[in-house]
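For reference, the structure discussed in these notes is given below.
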Amino acid sequence: MRLPDTAHTSVPWRIHAVAPDFRLEDVWALPTPGGPADLDRLVAQMAGGAGRFSGPSRWLFALRWRLGELFGWDGPGSGVGTRVESLRHRLPADLRDGPRGPDPRAVPLTSVYLTGAEWAAELANRTVHTVMHIGWVPDGTGGHRGQMAVLVKPNGLFGRAYMAVIRPFRRLVVDPALVRMIGRGWRAGSP
Numbered sequence: 005m006r007l008p009d010t011a012h013t014s015v016p017w018r019i020h021a022v023a024p025d026f027r028l029e030d031v032w033a034l035p036t037p038g039g040p041a042d043l044d045r046l047v048a049q050m051a052g053g054a055g056r057f058s059g060p061s062r063w064l065f066a067l068r069w070r071l072g073e074l075f076g077w078d079g080p081g082s083g084v085g086t087r088v089e090s091l092r093h094r095l096p097a098d099l100r101d102g103p104r105g106p107d108p109r110a111v112p113l114t115s116v117y118l119t120g121a122e123w124a125a126e127l128a129n130r131t132v133h134t135v136m137h138i139g140w141v142p143d144g145t146g147g148h149r150g151q152m153a154v155l156v157k158p159n160g161l162f163g164r165a166y167m168a169v170i171r172p173f174r175r176l177v178v179d180p181a182l183v184r185m186i187g188r189g190w191r192a193g194s195p
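Okay, so the sequence shown: first residue is 5 according to my numbering, each after it adds one.
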């Protein structure tokens, strides 16, 4: 379920200080009911790459990777450490010296930091520098669950136009499919 922006902005996450120049794109509640210390399980599941997109989501990803190949959006020199500096360079000492967390296997994200309540991973290409932020929050019923926020910093006018074009596909097809896939993995108990 998509949440209001305040579900992310009202929580004192560390990412606010690390990426203040990024725009909040979306916030999603993850169907991952658990206890107060289950963030590590969710991070392991997401980094493990279990699950596959199907139907329209799979087709949209294939189209995106094909367009990226044709137009060089994802080529050498377009990513973290080349086109943009990693957010790890912005981290305060306690986060920089703490656990980074695993890099996801199924998507080209690089882990930035991991705490007991949040995990951030980043990706950059010629269109955008983005952060996937996973928080572990009380669910209002005495338990906890994951919450995913997508933060973006578009690369110029083209990046802003690209984000505007893909927004309806992300919100209506891709992100709901991702949330369902995360929920299926959680219920199956897979890390």
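Think of the CB as a built atom: it goes at the ideal place given N, C-alpha and C, for glycine as much as any other residue. Remember, predicted model here, so these are calculated numbers, not experimental data.
- Within its own chain, the residues whose Cβ lies closer than 7 Å to the Cβ of Ala121, once the five positions on either side in sequence are excluded, are Leu43, Gly139, Trp140, listed in chain order.
- Secondary structure note for Arg188: its alpha helix (DSSP H) is the uninterrupted segment 179 to 192.
- No Cβ-Cβ contact shorter than 9 Å links Val135 with Leu99.
- Assignment of beta-bridge partners to Ile138 by DSSP yields Trp123, Met152.
- When the alpha-carbon of Gln49 is set against those of Thr36, Leu95, Thr114, Val22, the nearest one is in Thr36.
- Counting other Cβ atoms within 10 Å of its Cβ, Ala51 reaches 16 or more and is therefore classed as buried.
- Secondary structure at Gly53: coil, using DSSP grouped into helix, strand and coil.
- If you look at Asp143, you'll find it isn't in any beta strand (DSSP E); DSSP assigns it neither H nor E.
- Unbroken beta strand (DSSP E) stretches of 3 residues or longer found wholly inside the stretch 20 to 86: 27 to 33, given in chain order.
- CA-to-CA, the gap between Ala165 and Ala97 works out to about 36 Å.
- In the DSSP assignment, Val169 falls within the alpha helix (DSSP H) that extends over 160 to 173.
- Distance between Glu89 and Gly144, taken at the CA atoms: about 38 Å.
- In the three-state reduction of the DSSP assignment, Ala128 falls in the strand class.
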